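Asker:
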Amino acid sequence: MRLVVSGAAGFIGSHLCDRLLAEGHTVVALDNFLTGRSENLAHLAREPRLEFTKQDITERFSVRGPVDIVANLASPASPRDYLEYPIETLDVGSAGTRHMLELAKRKRARFLLTSTSECYGDPLVHPQVETYWGNVNPVGPRSCYDESKRFAEAITMAYHRTHGVRTNIARIFNTYGPRMQLNDGRVVPAFLDQALRGEPLTVFGDGSQTRSFCYVSDLVDGLYRLMLSDERYPVNLGNPREMTILEFAERICKLTNSSSSIVRMPLPEDDPRQRKPDISKAKNILGWEPKVSLEEGLKRTADYFQGRVLGSLAIT
Ligand code: NAD
Ligand code: UDP
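Quick note on numbering: this note's numbering labels position 133 of the sequence shown as 133, and the sequence is numbered without any gaps.
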């Protein structure tokens, strides 16, 4: 198959490209490097089945030749990034998603949207099931991301209902792994960076808020299965192993043999109190569930970050 992937130079996008190529497919990769890096695709520079174009998908564009699947991953994803680029985030979720849907419609291709657990906002239903409509502050600082993704889901369903585009919607929960940016502010790179440098780990609030972390290869496997399925309504993809952020900080220190202390910092506005996916639907429909344990996933990620942290220590 020939696939178009937006956000291909990002963390998840680059891993998805690897998986698609490993499955024998051809990839047209698009990215404008807003939050991604060419380095994430550097290992594919000589891969003839990957064709990269620097493209902002909020602008009009076309892709030559047949396309079987359009996968729309482009969007800032870390709270630090979308707070820095709120308008770009809203634009890519709205105009950008529409352009990718138009491409799928023109090419009679399938369409996959990577949505988010943020659609549930600060959830009042726990664990989160796909039928829960969420508790989102539409005017808070995170609204640029949450509402952009909710709009993206709505327009995806509208293209399905109006134009018969074969669409899929993945609601991704916190995912981590190599190629995340050390300084993107998300908790996994932040804690690993701090632990490896021997600096205090910055726990926001009292650390009693919960998250559930999914290793990137598991997530990509879920995306791949979903894009080949006929499920039109959202499907949660994430790891249901839930823990408090304080517990997570302690685990990171242990794993990295770090003697870092923990410092408390103010809790960001509208930071969700709890998050854990109900993945029954993905299990039933896709036969999917995560396989990589948190310990193994964190070890692989720490190995990746270790070289970077040591490199930057050598420079300073
Ligand atoms: P990322 O920031 O590493 O990757 C996003 C990519 O999109 C970047 O390479 C960026 O340059 C690109 N991009 C942004 N705006 C663009 C535009 N207008 N045109 C072209 N490219 C553009 O983030 P990620 O963690 O890899 O997230 C990928 C997708 O998965 C996003 O849609 C995100 O919302 C979703 N998601 C991720 C997580 C997670 O935990 N990582 C959780 C939920 C949802
Ligand atoms: N967090 C933290 N310290 C950090 C970064 C994040 O305590 O240095 C917390 C954050 O407040 C949130 C959780 O870790 O409760 C996950 O944050 P992240 O930015 O990774 O993703 P989110 O789930 O909020 O989108």
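Virtual Cβ for every residue (Gly too), placed ideally from N, Cα, C.
These numbers come from a predicted model, not from an experiment.
Taking 8 Å as the cut-off, is the beta-carbon of residue 87 closer than that to any non-hydrogen atom of the ligand UDP?
Answerer: False, no ligand heavy atom lies under 8 Å from that Cβ.
Asker: For residue 317, which residues of its own chain have a beta-carbon under 7 Å away from its beta-carbon, when the five flanking residues on both sides are left out?
Answerer: Residue coverage of the chain in this structure runs from 1 to 316, which leaves residue 317 outside it and unanswerable.
Asker: Does the beta carbon of residue 12 fall short of 8 Å from some heavy atom of the ligand UDP?
Answerer: No, the ligand UDP has no heavy atom inside 8 Å of this Cβ.
Asker: Cβ of residue 112 within 9 Å of Cβ of residue 226?
Answerer: Their beta carbons are under 9 Å apart, which means residue 112 touches residue 226 by this criterion.
Asker: Given a threshold of 16 other Cβ atoms within 10 Å of its Cβ, counted over all protein chains shown, does residue 65 qualify as buried or as exposed?
Answerer: Its Cβ having fewer than 16 others within 10 Å, residue 65 is exposed.
Asker: Indicate, with yes or no, if the ligand UDP has a heavy atom lying under 8 Å from the CB of residue 156.
Answerer: No, the ligand UDP has no heavy atom inside 8 Å of this Cβ.
Asker: So, using beta-carbon positions, are residue 215 and residue 177 closer together than 9 Å?
Answerer: Yes, these two residues count as a Cβ contact at 9 Å.
Asker: Suppose only complete runs of 3+ residues qualify. What are the beta strand (DSSP E) ranges in the segment 22-91, listed by chain order?
Answerer: If we require 3 residues or more, the beta strand (DSSP E) runs fully inside the segment 22-91 come out as 26-31, 50-54 and 69-72.
Asker: What are the boundary residues of the alpha helix (DSSP H) that includes residue 148?
Answerer: It spans 143-163 - the alpha helix (DSSP H) in which residue 148 sits, taken as one unbroken run.
Asker: Quick check: what's the CA-CA separation for residue 279 versus residue 290?
Answerer: Cα to Cα, the separation comes out at about 10 Å.
Asker: How about the segment 232-251 and the segment 82-102: do they share at least three Cβ pairs that are nearer than 8 Å?
Answerer: With the cut-off at 8 Å, the segment 232-251 and the segment 82-102 do not touch.
Asker: Just to confirm my understanding: we take residue 256, look at its own chain, exclude 5 residues before and 5 after, and list those with CB closer than 8 Å. What are they?
Answerer: Taken in chain order, the residues that qualify are 192, 195, 196 and 302.
Asker: Can residue 195 be considered in contact with the ligand UDP, in the sense that its beta carbon sits closer than 8 Å to one or more heavy atoms?
Answerer: No; taking the cut-off as 8 Å, the Cβ of residue 195 has no heavy atom of the ligand UDP nearer than that.
Asker: For my contact list, residue 27 and residue 46 are in at a C-beta cut-off of 8 Å; report their separation, rounded to the angstrom.
Answerer: That belief does not hold up - the Cβ atoms of residue 27 and residue 46 are roughly 14 Å apart, past 8 Å.
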